[in-house]
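Novice: Under my numbering, think of the first position of the sequence shown as 145, with each following residue one higher.
All C-beta atoms, glycine included, are put in the ideal place defined by N, C-alpha and C.
Take a look at the following structure, please.
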Amino acid sequence: MAVSGFVLLDKAPGETSFKALFPLKKVFSTKRVGHAGTLDLRASGLIIAATGRATRLLPYVEAKDKCYTFRLHLGYETDTLEWDGDVVATDGVAGSGGAQKERHCEECEARCGNLAEIRVALESILPKFIGNINQVPPKYCAVKVDGHRASDWAERGKEVELTARPIHIASLKIVGEGGATEGCTGEAFATFDLECECSKGTYIRALGRDIAHALGTFGCVSKIRRHRIGHVTLERSVTAAALTTANLVPVNEVLEFPVVQLNDEQMAAIRNGNWIPWRTPIEGLGDEPLIFAANKEGEVLSFCRYEPGRIWPKVFLAEDQE
Numbered sequence: 145m146a147v148s149g150f151v152l153l154d155k156a157p158g159e160t161s162f163k164a165l166f167p168l169k170k171v172f173s174t175k176r177v178g179h180a181g182t183l184d185l186r187a188s189g190l191i192i193a194a195t196g197r198a199t200r201l202l203p204y205v206e207a208k209d210k211c212y213t214f215r216l217h218l219g220y221e222t223d224t225l226e227w228d229g230d231v232v233a234t235d236g237v238a239g240s241g242g243a244q245k246e247r248h249c250e251e252c253e254a255r256c257g258n259l260a261e262i263r264v265a266l267e268s269i270l271p272k273f274i275g276n277i278n279q280v281p282p283k284y285c286a287v288k289v290d291g292h293r294a295s296d297w298a299e300r301g302k303e304v305e306l307t308a309r310p311i312h313i314a315s316l317k318i319v320g321e322g323g324a325t326e327g328c329t330g331e332a333f334a335t336f337d338l339e340c341e342c343s344k345g346t347y348i349r350a351l352g353r354d355i356a357h358a359l360g361t362f363g364c365v366s367k368i369r370r371h372r373i374g375h376v377t378l379e380r381s382v383t384a385a386a387l388t389t390a391n392l393v394p395v396n397e398v399l400e401f402p403v404v405q406l407n408d409e410q411m412a413a414i415r416n417g418n419w420i421p422w423r424t425p426i427e428g429l430g431d432e433p434l435i436f437a438a439n440k441e442g443e444v445l446s447f448c449r450y451e452p453g454r455i456w457p458k459v460f461l462a463e464d465q466e
């Protein structure tokens, strides 16, 4: 009997999140794979993937908060909001293309030669982004507009209006300054490395844009890297090249639902889709009373819903060998 599970991948920059799953299909000899929380093509870091029936648990993973680091380039903005896109706006810096916007900001000009002063100004506006805020996604994103991704419309040259969406920023801080990124299409007067802890649905590229606008200038980002999803950190991840069957992680190590242990008769009933009576109090239940059910050996085999007096099966995770 094979048990579905999670795989913690370290996605390389330049690889799509979808392509990052290809090694799972080969290593685990299954076509049933999926992932939670897409990373941009140029972004890197933690992806939590799933095999087999564990793919049905991915929405619970995707809902978790995340932690990213990224590099903010101040002084120019691109169409993709990344460092190497087509320049569409500059802060008094000459760039290519006649359609770009220019803003001459005397305050920023006065600070351009003093990185310490720019850092003070940046630190002073970061608290404005902490908590519940509204964010307009980048025009190059997967948000659907009239049945198509916004990025598809952007590639066709059509301007679409994206509405602001609520997100939550738990933490936002500077962790470095002055770094250079190869391939910049515009000229930045300052760069800073930042760390952000945020909710599902947060676009780091849009956050960089909005931070720059709050400073009275333009901005874009590079080196986006995801370090954490929920309580799972990048340190536990593996690269696609190093992936083996030993890297399959039990579902209860990623999703922190309570685990109850069942005997053979109870597990058989759950496997057949039947509820079982349960009188023992279960500690650690969340707002949604979800639990894992394990066999006598402690192996988690089912994802269930608890209600006073009984346990109902939702997803049976064990499956026969293919």
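Measure the beta-carbon distance from Ala481 to Glu159 and round it to whole angstroms, keeping in mind my assumption that it falls under 8 Å.
Specialist: A query on residue 481 cannot be resolved here, the shown segment of the chain reaching from 145 to 466 and no further.
Novice: Threshold first: 4 residues or longer. Then list the alpha helix (DSSP H) segments lying entirely within the region 152-190, N to C.
Specialist: Uninterrupted alpha helix (DSSP H) stretches at least 4 residues long and entirely within the region 152-190 occur at 166-171, given in chain order.
Novice: Suppose you measure from the CA of Val382 to the CA of Gly178; what does that come to, to the nearest Å?
Specialist: Taking the sequence shown and counting its residues from 1, one reaches residue 382 at position 238. Taking the sequence shown and counting its residues from 1, one reaches residue 178 at position 34. Rounded to the nearest angstrom, the two C-alpha atoms are 16 Å apart.
Novice: Here's a check: name, in chain order, each residue in its chain whose Cβ is nearer than 6 Å to the Cβ of Thr182, leaving out the five neighbours to either side.
Specialist: As a first step, residue 182 must be located in the sequence shown, where it is residue number 38. Cβ neighbours of Thr182 beyond the five flanking positions: Ser161.
Novice: Are the region 191-205 and the region 412-427 in contact at 8 Å, needing three or more beta carbon pairs?
Specialist: no
Novice: Specify the secondary structure class of Glu250 as computed by DSSP and reduced to three states.
Specialist: In the sequence shown, residue 250 corresponds to position 106, counting from 1. The pLDDT assigned to Glu250 is 46, lower than 50, so where the model puts this residue is not dependable; a value taken from the coordinates is nonetheless given after this. DSSP places Glu250 in helix when its eight states are reduced to three.
Novice: Using a 10 Å radius around the Cβ and a threshold of 16 neighbouring Cβ atoms, would you call His248 buried or exposed?
Specialist: Locating residue 248 in the sequence shown gives position 104, where the first residue counts as 1. With a pLDDT of 46 at His248, under the threshold of 50, the predicted position of this residue should be treated as unreliable, and no value is reported.
Novice: Measure from the alpha carbon of Gly374 to the alpha carbon of each residue in Leu202, Met411 and Ser188, then state which is nearest.
Specialist: Counted from its first residue, the sequence shown places residue 374 at position 230. Of Leu202, Met411 and Ser188, the residue nearest in Cα terms is Leu202.
Novice: Pick from Arg349, Cys448 and Arg372: whose alpha carbon is nearest that of Val280?
Specialist: Translated into positions along the sequence shown, residue 280 becomes position 136. For Val280, the nearest C-alpha among the options comes from Arg349.
Novice: Ala437: which of Glu226, Pro425 and Gln410 sits nearest, CA to CA?
Specialist: Counted from its first residue, the sequence shown places residue 437 at position 293. Looking at the Cα atoms, Gln410 is the closest of the given residues.
Novice: What's the gap between the Cα of Arg111 and the Cα of Ala308?
Specialist: For the chain, the structure presents residues 145 to 466; residue 111 sits outside this window and is missing.
Novice: For the alpha helix (DSSP H) that Val205 lies in, which residues bound it at each end?
Specialist: The residue you call residue 205 lines up with position 61 of the sequence shown. Element bounds for Val205: Leu202 to Glu206.
Novice: Can you say whether Pro421 is buried or exposed, counting buried as having 16 or more other CB atoms within 10 angstroms of its CB?
Specialist: Looking up residue 421 in the sequence shown gives position 277. If you draw a 10 Å sphere on the C-beta of Pro421, you find fewer than 16 other C-beta atoms in it, and that means exposed.
Novice: Spatial neighbours of Ile269 within its chain, please: C-beta separation below 8 Å, excluding the five flanking residues on both sides.
Specialist: Stepping through the sequence shown from its first residue, residue 269 is reached at position 125. Within the same chain, Ile355, Ala358 and Leu359 come within 8 Å of Ile269 by CB-CB distance, once the 5 residues on both sides are set aside.
Novice: Evaluate Ile271 with the Cβ neighbour count: other Cβ atoms within 10 Å of its Cβ, from every protein chain shown; 16 or more gives buried, anything less gives exposed.
Specialist: Within the sequence shown, numbered from 1, the residue matching residue 271 stands at position 127. Correcting the residue type first, residue 271 is Pro in the shown sequence and not Ile. Exposed is the call here.
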